[in-house]
Amino acid sequence: MHEMSKEQQLYLKALKKQRLFVVFSQIFLLILFLCLWEISSRLQWIDSFIFSSPSKIFNCFIEMLLTGSIFAHLFSTLKETVLSFVLVTFFGIFTAVLLWYSKRLSEILDPYLVVLNSLPKSALAPLLIVWLGANQFTIVTAGMSVAIFGSILSLYTNFCSVDPEKITLIYTLGGNRYHVLRKVILPSSIPAIISNMKVNIGLCLVGVVIGEFLAAREGLGYLIIYSSQVFPFVYLLHII
């Protein structure tokens, strides 16, 4: 086995120290924020009823864990988010491939995709409920609507920016557009696809929560909207 040189060992050691420093700094900032929040709440620098505190949130979470009430809401939101994410990933890649494969189709659909991507998705949620009804399908659709159009545009742009010399080489060797797609476009776009998926999982969660605000009887969005409706009465009792 080839032994590492002293310079390589020093480099790997420095790299390990850098990673440990980054992780430590991230944990330290989180702990510092939580401590300042807790201290501010206990010393009445902020209204603990409105802003709460980490200890109260933790106790509430433990209480919901013991009663089991949190699991149904978490599972519902998780299931809808994963389903939205899978559908967005599939349809995003499929549609981006179609647009790349057909220049004419991309020219026709491009302005519509840009307009649909720029629409405020939260404003579409009430319309989706009217069109599709208050059910789980509507919530999944709301989750998809937040991410799908941006995903298509991002992937299509990446497909079009692949090194043209590699594409020319495929044609020179007798390949066709399908071979270009399979041998060049998709392999070269794997980092972009993975990066796109990282963004989409968060956007799908946002869309699902928005859908649960209006069309759910369980889920994190339902918990948020229920708490916001109950809060004014609880706050009134608190100040009295």
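Numbering-wise, the sequence shown is residues 0 to 239 according to numbering that gives the first Met the number 0. The beta carbon of each residue, even a glycine, is placed where N, CA and C say it ideally should be.
In the displayed model, Asn-116 falls within a helix according to three-state DSSP. Between Leu-73 and Thr-80, the alpha-carbon positions lie close to 10 angstroms from each other.
Exposure of Phe-23 is indicated by the presence of fewer than 16 other C-beta atoms within 10 angstroms of its C-beta. Nearest in C-alpha terms to Val-161, of all of Asn-175, Pro-186, Ala-146 and Tyr-177, is Pro-186. Linking Glu-106 to Ala-146 through their CA atoms gives a straight-line distance of about 21 angstroms. Within the same chain, Leu-98 come within 7 angstroms of Leu-108 by CB-CB distance, once the 5 residues on both sides are set aside. About 5 angstroms separates the beta carbons of Leu-219 and Thr-76, which is inside the 8 angstroms limit, making them a contact pair. With fewer than three CB-CB distances shorter than 8 angstroms, the segment 168-177 does not count as touching the segment 114-131. Annotated as proximal: Gly-206 and Gly-142, with beta-carbon spacing under 7 angstroms.
When Gln-7, Gln-43 and Pro-53 are compared, the shortest CA-CA separation from Leu-29 is found for Pro-53. A Cβ-Cβ distance of about 11 angstroms is found for the pair Leu-126 and Thr-140, leaving them out of contact under the 8 angstroms criterion.
For a cut-off of 8 angstroms, the C-beta gap from Phe-158 to Ile-184 is around 5 angstroms, short enough to register as a contact.
With contacts defined by Cβ atoms closer than 7 angstroms, Glu-217 and Ile-138 do not form a contacting pair. Distance from the CA of Arg-18 to the CA of Leu-213, rounded to the nearest whole angstrom, comes to 43 angstroms. Within the segment 18-104, the complete alpha helix (DSSP H) runs of at least 4 residues fall at 47-50, 53-66 and 68-100. Distances from the CA of Leu-112 to each of Ser-144, Trp-36, Ser-226 and Ala-133 were compared; the closest alpha carbon is that of Ser-144.
Comparing C-alpha distances from Gln-135 to each of Ser-40, Arg-103, Tyr-221 and Phe-27 shows the shortest one belongs to Tyr-221. The beta carbons of His-178 and Ile-166 sit no closer together than 7 angstroms.
CA-to-CA, the gap between Leu-202 and Asn-116 works out to about 13 angstroms. The C-alpha of Asn-195 is placed about 14 angstroms away from the C-alpha of Thr-94.
Separation of Ser-101 and Tyr-155 (C-alpha to C-alpha, rounded to the nearest whole angstrom) is 11 angstroms.
Take the alpha-carbon of Phe-84 and the one of Leu-64: they are about 27 angstroms apart. Counting every other CB atom within 10 Å of its CB across the protein chains shown gives Phe-70 a total below 16, marking it as exposed.
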